[in-house]
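Residue numbers (our numbering), protein chains in the order written: chain E, 1 to 284; chain F, 285 to 812; chain S, 813 to 1109.
The C-beta atom is built at its ideal place from N, Cα and C for all residues, glycine as well.
Just so you know, these numbers come straight off a predicted model, no measurement behind them.
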């Protein structure tokens, strides 16, 4: 048969231009990733950029306000806050990335695969995920650390954020497996293994970066809070949460001791959340 | 009621979308006499929707509307807002989902009516009851007092019709009100539309996708394409040989019935054998009656149509035949294998040679690209090398007319017509033994239906699978199959060659189905 | 309705049972923090399950009080924070969510709210503390009676207000973020529904449609997210207790875990999980009653 004479239909004709919001949203996402990349560069070079080594005591006067010599001021023990913030940021980012990987693996990926497990086992896992997800992630993380040790804080934060990610991925995978296009595929002889591979590929392509960024924001908050409460990083490895906790005694008089670490933390979380930019799907 | 006998004059109506290169409707002028019916016919996006918006006075955000409207001897007014003297009622169909899903249909219709009539709810309700009462097949008020999902399409459509009539409009804008209604039920609606028009004398502007309603409705017809009028005139002239090529394409399937020469059926080896299969129970059927049992054989190259109304048990039967649902009694032998003894995985493997083309627009994975959709069966079933796959894929896409689209385009961005053709391309590459066509033309406009019908005919001729067609439309059955089983409430009421059924139906349900697609005024000229 | 209710009730019961199992598992942890054989642990778990069935979570080895007694001291403080926070969350979050969810241009700008939402709760709390000290001269005071004086018109209400305002605002801000998010999600789904254009074409005004149909649909979406919102409020209250020195249940939890005193920790976990699960259940039921055709994830 020769090629038919009719052309393809033209859905684009006469249609309005896409909503003005789409462009802005893309810009916001890009800004988030650029910010994260900048932070990554800063973290990679923190040992070079920071004027002083980590935990170097008495490099200046105690509680000196920001000056040319110490742009972010100094803390109670005379440590340069700029250097401390950079080192703290590096540790926070290291821990957070580790925790994020745990969340993605034990949460998202496991949830996605569990939905296809033979009947019974997936439902039980979903049930357990639902129960753990009903407890604030912060308390879960503290519990894990309490059972194990403080050195495992990244793992604990990752596991604490995993139940919600698990449940979400499980439900999504279930909806995909029950979708009409999945039934159509089965009716034309596509095996479930092929369908699972198809779903994994497309979900990975469409949502991996956003999910990773969202998990990064969530575990960063949990990690910093856990450290703030004294369950996280072990000195001399001071992360941002620990720095802010230490500054609690002095910050009412010397605001800079807490403000700069908090600002660094806030920027990290903000960029991660902007990169996720999942307007409708995100969770607190 | 349009007692003034005033004409409605539309001049140079223009509808564009902000930022779009081409207007949706360009320089449209029309004069309507009191009590006149005008049918707008064309593909989706041909400009009839834009005209409806311009006349309804409720434009979409971003619409740029130009031109004037003049009703009677008043001053011409700018189009795009409601005219003070002209009462317009808008009528749409259940397919457009115009009602809030979580509230009862009745409460919404009463609210609309009380707003439009500026009357209290109770009198709006009484008015609605009155109008429903004079329509023979319409439901009662109590029957309408349910959420839309609990009602079938025809019941909702009756409610929408009654609401429109109760407004006693000067102009009734019918925006595809019968899309998705089965042909059997369509006639009753058209009859009511005609009688109400006679009674109230309103002008009727009817936008249609297919040709069934225009044929029943009569009146002036305007064929439109890409925002412009192709030609206009009475149906009898437009279906003649002198009409524009595009019009002839749209109206081709209105050729006199039973004109096709029957093909020779059953020439190949048997693909599908059904022994003593119990028909699935349906929601209409009383449980007390014993179910019918079914035995038949479908050979390669043969085609069987399962014709019946929605909910008559055809879908469930087709699902059992291809093993999506397990058979409880009886045997289904597909490609010489009894599917009752196969495991789920083995059954899925067996279905590799089954093509499935459905009217469901969500059947294809919206995330996949055009190229992936067509090559997936080749890759998953046969593991062919990449270059051979791409060769098969391009050939198949060319045959269905999608080769000009970039292969990387996601399915989600395609129109329903393109999705339907993509299903055909996917079916072609699997070289199927059995093809199941499940309402393959539903929801398409006349042009797309005509093209799809051609594609499926060619698909059948070239691939030669055994063909199982599910439809509620005898004209579709006639053009794609030779034999048919007619279903009614989960039972088979008639079986045999379609040509015979169309000329001399034996059962009353068959007669209803055949009559539904037989056009009242057979065009004089005929078509080549 | 009945089918949905029975199903939701079954899920609720299963989740509560699971929360009990979780609490028993925590209570059965060895006090030493380490060691203990697996069979021994399982036996302890079973024993704890039996005890938990009678609401007996053992005695705190630190204070010598029963876990339930400890909780009854801390829980009212937490609930007061959560309640006041919920009030603030609705007052702040609802208008924000509706504005950002329904305004076309604002919808695109919604991610910018993240700038505020990105601050971890403890940072926000510390900032509020600093601001109030600096500009209002307030001192962190710990919990003071507020509601009773308020009801009786007692002048002590001012002191109570000062004590409650900052933590409530902290928790409320976190809750508001969750509320506006749930609203935005519900609104953006509802706004796409075809009925809005359909009813408008048939003659209803936009005001009528939004008031009668859109608003309930969005409200149902908000209710369906009640569990999520409760979780956000509880999380924020846990941090606010620590920052503002309110000796509530979360502080009890943190101290218990630090001392490996598992009985109180288990009970706090159980109560927190129960609040979230119950809020989720109640919210889903209410949402279904308002909008039975919607499917809530």
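| query | result |
| --- | --- |
| Residues that residue 620/F contacts on chain E, provided the C-beta gap is smaller than 9 Å | Within chain E, no residue comes near residue 620/F; the closest Cβ sits about 17 Å away, beyond 9 Å. |
| Residues bridged to residue 833/S (per DSSP) | In the DSSP output, where bridge partners are listed per residue, residue 833/S has none listed. |
| Coil, strand or helix - residue 875/S by DSSP | coil |
| CB contact check: residue 793/F to chain E, cutoff 8 Å | no |
| CB contact check: residue 529/F to chain E, cutoff 8 Å | no |
| Distance CB(residue 488/F)-CB(residue 322/F) smaller than 8 Å | yes |
| Interface positions of the region 1020-1049 of chain S facing chain E (Cβ-Cβ less than 7 Å), listed along the chain | 1040, 1043, 1044, 1046, 1047 |
| Unbroken beta strand (DSSP E) run spanning residue 298/F, endpoints | 292-301 |
| Test: residue 465/F CB closer than 8 Å to a CB of chain S | no |
| Within the region 983-1038 of chain S, ranges of the beta strand (DSSP E) (whole runs, at least 3 residues) | none |
| Meets three-Cβ-pair contact criterion under 8 Å: the region 480-499 of chain F and the region 444-457 of chain F | yes |
| Coarse secondary structure for residue 596/F, derived from DSSP in three states | coil |
| Residue closest to residue 367/F, alpha-carbon to alpha-carbon, out of 593/F, 352/F, 506/F | 352/F |
| Pairwise C-alpha distance: residue 672/F and residue 693/F | 21 Å |
| Beta-carbon separation (whole angstroms), residue 1030/S vs residue 995/S, contact threshold 8 Å | 6 Å |
| As assigned by DSSP and simplified to three states, the class of residue 641/F | strand |
| Burial state of residue 201/E (16 or more Cβ within 10 Å) | exposed |
| Inter-residue spacing [alpha-carbon to alpha-carbon] between residue 814/S and residue 823/S | 14 Å |
| Three-state class that DSSP yields for residue 226/E in the structure shown | helix |
| Partner residues on chain S for residue 456/F, Cβ-Cβ distance less than 9 Å | Those do not exist, as residue 456/F stays about 12 Å from chain S at its closest Cβ, beyond 9 Å. |
| Span of the beta strand (DSSP E), counted from its first residue to its last, around residue 768/F | 767-772 |
| 7 Å Cβ cut-off: residues of chain E touching residue 942/S | 251, 252, 255 |
| Cutoff 8 Å: residue 932/S Cβ touching any chain F Cβ | no |
| Minimum length 4: unbroken alpha helix (DSSP H) runs contained in the region 301-380 of chain F | 332-340 |
| Start and end residues, alpha helix (DSSP H) containing residue 651/F | Run containing residue 651/F: none; DSSP gives neither H nor E here. |
| Close-in-space but distant-in-sequence residues of the same chain around residue 542/F (CB under 6 Å, 5 per side omitted) | The pLDDT assigned to residue 542/F is 42, lower than 50, so where the model puts this residue is not dependable; a value taken from the coordinates is nonetheless given after this. 783, 786, 787. |
| 8 Å Cβ cutoff, residue 751/F in contact with chain S | no |
| Where the alpha helix (DSSP H) containing residue 1088/S begins and where it ends | 1074-1102 |
| Contact list for residue 381/F against chain S, beta-carbon separation under 9 Å | 1005, 1006, 1007, 1010 |
| Residue 1059/S in three-state terms, based on DSSP | coil |
| Rounded straight-line distance, which links the Cα of residue 229/E to that of residue 893/S | 19 Å |
| Coarse secondary structure for residue 580/F, derived from DSSP in three states | strand |
| Whole-Å CB distance - residue 1085/S paired with residue 838/S, under 8 Å assumed | The Cβ separation is near 11 Å, so there is no contact. |
| Any chain S beta carbon closer than 8 Å to residue 396/F | yes |
| Chain-ordered neighbours of residue 950/S on chain E, where CB pairs are closer than 7 Å | Neighbours of residue 950/S on chain E: none; closest Cβ ~11 Å, over 7 Å. |
| Candidates 641/F, 291/F, 608/F, 748/F: closest to residue 624/F by CA position | 608/F |
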